[in-house]
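Data block below; observations after.
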């Protein structure tokens with residue numbers, strides 16, 4: 444089970460300190476000196492790293508010659524055409540564009556299968572399916 448502690452002080456209210464796995468990370472949403480990635484950068488990092496690791500695990504299991512994976516991700520807003528197709532998944536306002544680059548002596552069938560597998564990493568599946576966040580106020 445993941446345990447993460449996030450704190451923000453009033454003096455630097457646009458910077459958050461994150462404690463996780465014995466490390467301290469920073470999220471910075473200020474327009475001034477950037478002390479760290481913004482929240483969406485962490486989401487993109489989670490998707491990309493999960494996909495790359497999943498691809499290597501799959502290729503190793505299949506004994507395919509996958510040497511390296513590079514994934515570039517971008518978060519963007521996409522506006523539906525006057526909400527004519529709002530019920531479609533493609534009409535969502537927020538989307539992530541993921542470019543997957545595979546290195547190794549792979550044939551085209553293997554490359555296409557790995558592309559499919561990259562969309563099946565647990566983090567991406569969780570985000571696409573949607574999650575519930577339960578907030579509990581502590582005293």
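In my numbering, the protein residues as written are 444 to 582.
Ideal Cβ positions, reconstructed from N, Cα and C, are used throughout, including at glycine.
Distance CB(residue i)-CB(residue j) smaller than 7 Å
i: residue 557; j: residue 545; result: yes
i: residue 512; j: residue 495; result: yes
i: residue 547; j: residue 514; result: no
i: residue 564; j: residue 467; result: no
i: residue 507; j: residue 553; result: yes
N-terminal and C-terminal residue of the beta strand (DSSP E) that residue i is part of
i: residue 547; result: 537 to 547
Whole-number beta carbon distance between residue j and residue i, since they are thought to touch under 8 Å
i: residue 509; j: residue 540; result: Rounded, the Cβ-Cβ distance is 22 Å, inconsistent with contact.
i: residue 447; j: residue 463; result: 5 Å
i: residue 501; j: residue 560; result: 5 Å
i: residue 457; j: residue 471; result: 7 Å
i: residue 449; j: residue 461; result: 5 Å
i: residue 566; j: residue 493; result: 4 Å
Bridge-paired residues (DSSP) for residue i
i: residue 459; result: 470
i: residue 447; result: 463
i: residue 430; result: With the chain covering only 444 through 582, there is no way to say anything about residue 430.
Residue span of the alpha helix (DSSP H) that contains residue i, given as start and end
i: residue 581; result: Premise fails: residue 581 is in no alpha helix (DSSP H) and is neither H nor E.
i: residue 551; result: 551 to 561
i: residue 484; result: 482 to 505
i: residue 572; result: 565 to 572
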